[in-house]
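> The opening position of the sequence shown corresponds to residue 1 in full-length UniProt numbering, with each subsequent residue numbered one higher. Note that the Cβ used here is the ideal one computed from N, Cα and C, for glycine as well. One structure, as C-alpha cells, below. Some questions next.
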Amino acid sequence: MASGGGSPALSGAGTPLPASNSGTDSPNPHNSLFKINPANILSTTSNENVAPTSDGIPKTKICVFCGASPGNSPAHMEAARSLARVFHENNISLVYGGGTVGLMGEVARTLVSLSGPSSVHGIIPAPLIKYERGPDSTSAEITSGSIPSTALYGHTTVVKDMHTRKQLMAREVLSGGPGSGFIALPGGYGTLEELMEVVTWNQLGIHDRGIVVLNIEGYWDGLLNWVKGSVEAGFVGEKNSGIIREARDAESAVRELRTYRNAEGRFRLTWGEE
C-alpha cells in the first residue's frame with residue numbers, strides 16, 4: 001500500500017494541490033446506474049452542493065466513512081477534527097453518513113464551524129435518525145426523529161434505505177471536481193462495508209475516484225495486511241493491490257486523493273448505459 005509520507009505537506013493556508021489523475025473516465029453520475037428513485041428521498045435540506053468554484057471547476061467533494069462511536073483513543077476524534085480543518089483550508093466539501101454522534105458528528109460539526117453549513121451534506125436512512133444522534137440533541141428531537149440542526153451539522157438528506165444512502169454518496173463524489181474521492185476513518189462493520197463496496201466498484205470500473213484509509217494508530221493495519229495476504233494467496237490481482245491508499249494524517253489523505261492513479265488491473269467495463 002502506498003503511503004502519503006513522502007510527499008510535500010500542504011500549507012496551512014490551503015495551497016492548491018496538483019490536479020487529480022482520477023476522475024477522468026468515471027461514469028456520468030446522472031446515468032441510469034446512479035439515478036435515484038425519487039420515492040427513496042424522504043426529505044432534504046440540500047441543493048446537493050454542486051456549485052462550482054470561482055474558476056468554474058466543480059468543487060472537490062470527499063465522502064468520509066467513519067464510526068458512530070468516538071473510539072477509545074482520543075486520537076480518533078482528533079483525526080476527525082484534523083480532517084475537517086484540512087477540508088476547510090482546501091475548500092473541500094464533505095459528504096458523510098448524516099449522524100451527529102462519534103466520529104461522524106465530529107467531522108461534520110467541525111467543518112460546519114469553519115466553512116459553514118453549505119460545506120457539509122449528510123445522508124442518512126430514516127431508521128437511523130433516532131440512533132445516530134449526538135449529545136447536543138434534545139430528547140424531543142431524538143423521539144421525533146427530526147433531522148439534525150443545519151446550523152450545526154450542515155445539510156441533511158433523509159433516505160429510505162442503506163442502498164440509496166450509498167448510491168447518493170457516490171453520485172455526489174462523481175459530481176465533484178479534481179481530488180474528489182473517499183476517505184475512511186476508523187469505524188465498525190458499517191464503515192468497513194462502505195469502504196469495501198467502493199473498492200469493489202473501483203476494481204469493476206463503476207467509478208475511478210480515489211480511495212484512502214486514514215490509518216490512525218494502526219487501526220487499518222489488519223485490512224492492509226489482508227490485502228497483501230490476498231495478493232499472495234492469488235485472490236486479489238497484484239495490479240489491483242493499490243486500489244486502497246494509506247495515509248497517516250489528514251493532509252496526506254487529501255494529498256493521496258489529489259495524486260491518485262488508478263490501478264492497472266481494474267476492469268474497464270461500461271455500466272449503466274445499456
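My output table needs one value for residue 87: the three-state DSSP class, helix, strand or coil.
Taking the sequence shown and counting its residues from 1, the one referred to as residue 87 is at position 87. Helix.
> For residue 198, tell me which candidate among 187, 183, 189 has the shortest Cα-Cα distance.
Taking the sequence shown and counting its residues from 1, the one referred to as residue 198 is at position 198. Taking the Cα of residue 198 as reference, the smallest distance to any Cα among 187, 183, 189 is reached at 183.
> Locate the beta strand (DSSP E) running through residue 163, then write down its first and last residues.
Counting from one through the sequence shown, the residue named residue 163 turns up at place 163. No beta strand (DSSP E) holds residue 163; the alpha helix (DSSP H) holding it covers 162-174.
> Per DSSP, residue 63 is paired with what?
Within the sequence shown, the letter at position 63 stands for residue 63. Note: residue 63 sits in a beta bridge opposite 95, 182.
> So what's residue 138 in DSSP terms, helix, strand or just coil?
Counted from its first residue, the sequence shown places residue 138 at position 138. Unreliable positioning characterises residue 138 in this predicted model, as indicated by a pLDDT of 48, which lies under 50. A coordinate reading is not provided.
> Drop a sphere of 10 angstroms on the beta-carbon of residue 153, count the other beta-carbons inside from all chains shown, and report buried for 16 or more, exposed for fewer.
The count along the sequence shown starts at 1 and reaches residue 153 at position 153. When all chains shown are included, residue 153 counts as buried.
> Could you name the residues of the same chain whose beta carbon sits closer than 6 angstroms to that of residue 220, not counting the 5 residues immediately before and after it, in chain order?
Working through the sequence shown from its first residue, we reach residue 220 at position 220. So the list reads 213, once near-sequence residues are dropped.
> Near residue 270, which residues of its chain fall below 6 angstroms by C-beta distance, leaving aside the five closest residues on each side in sequence?
By 1-based counting over the sequence shown, the position of residue 270 is 270. Excluding residues within five positions, none has a Cβ falling inside 6 angstroms.
> Here's a check: name, in chain order, each residue in its chain whose Cβ is nearer than 6 angstroms to the Cβ of residue 256, leaving out the five neighbours to either side.
As a working mapping, residue 256 is identified with position 256 in the sequence shown. If you ignore the 5 residues before and after residue 256, its C-beta comes within less than 6 angstroms of the C-beta of 4, 212, 245, 247, all in its own chain and listed in chain order.
> Is the stretch 64-71 close to the stretch 258-272, with three or more CB pairs under 8 angstroms?
no
> Mind reading off the beta-carbon distance from residue 155 to residue 46? Whole number of angstroms is fine, and I expect it under 8 angstroms.
Against the sequence shown, residue 155 aligns to sequence position 155. Against the sequence shown, residue 46 aligns to sequence position 46. Right, the Cβ-Cβ distance comes to about 4 angstroms (below 8 angstroms), so this counts as a contact.
> Identify which residue in 80, 104, 190, 149 has its Cα closest to the Cα of residue 116.
As a working note, residue 116 is residue 116 in the sequence shown. The candidate whose alpha carbon is nearest that of residue 116 is 149.
> Mapping DSSP to helix, strand and coil, what is residue 261?
In the sequence shown, the residue the question calls residue 261 occupies position 261. Three-state result, residue 261: coil.
> Cα-Cα, which of 158, 227, 228 is closest to residue 39?
Indexing the sequence shown from 1 puts residue 39 at position 39. With distances taken between Cα atoms, residue 39 lies closest to 158.
> Report the CB separation of residue 276 from residue 186 in whole angstroms; it is logged as a contact under 8 angstroms.
The structure shown does not extend to residue 276, since the chain is modelled only from 1 to 274, so the question has no answer here.
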